[in-house]
Amino acid sequence: MDISRQLKVAVKTGKMLFGQRQTVDACARGDAKLVILAANCPQDYIDNLHARHPSVIMHRVMMVNRDLGVACAKPFAISTICITDSGESDLLALQSNIDE
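The working numbering puts the sequence shown at residues -2 to 97.
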């Protein structure tokens, strides 16, 4: 799957939240369907989020936060993306690749 392309589709047709705080809030509300994490997202943040919300699928991509921002057509670095509605993208087909 071309994640960059799927992110562009999701930005146009779905609902996404950007950033660690918004992701934590969405997970706490139960709105999060998928969390995409940059390669350089802090490990302690990932461990904490996974411990608090083990049912949410978390997928770490090979892109660093600057590349993730570019893939979403945003002029800033993004370490965490929370998908609440994937729109016409296939992002929800991603499997969790965070160690239990």
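Backbone N, C-alpha and C define an ideal beta-carbon position, used for all residues, glycine too.
Predicted model only: the values in this text are computed from it and were never measured.
Distance, Cα to Cα, residue i vs residue j?
| i | j | result |
| --- | --- | --- |
| residue 54 | residue 73 | 24 angstroms |
| residue 45 | residue 85 | 30 angstroms |
| residue 66 | residue 75 | 5 angstroms |
| residue 21 | residue 40 | 15 angstroms |
| residue 17 | residue 69 | 16 angstroms |
| residue 82 | residue 13 | 7 angstroms |
| residue 7 | residue 88 | 8 angstroms |
| residue 56 | residue 80 | 11 angstroms |
| residue 29 | residue 15 | 12 angstroms |
| residue 24 | residue 71 | 22 angstroms |
Span of the beta strand (DSSP E) holding residue i?
| i | result |
| --- | --- |
| residue 34 | 31 to 34 |
Could you tell me which residues DSSP puts in a beta bridge with residue i?
| i | result |
| --- | --- |
| residue 79 | 14 and 32 |
| residue 43 | In the DSSP output, where bridge partners are listed per residue, residue 43 has none listed. |
| residue 57 | 34 |
What are the start and end residues of the alpha helix (DSSP H) that includes residue i?
| i | result |
| --- | --- |
| residue 67 | 62 to 68 |
Beta carbon of residue i: closer than 7 angstroms to some heavy atom of the ligand FMN?
| i | result |
| --- | --- |
| residue 9 | Among the ligands in the structure shown, none appear at all, so the ligand FMN cannot be discussed. |
Quiz item: Any contact of the region 47 to 67 with the region 88 to 96, i.e. 3+ C-beta pairs under 8 angstroms?
Solution: yes
Quiz prompt | Given 8 angstroms, three or more beta-carbon pairs between the region 24 to 36 and the region 60 to 69 | solution = yes
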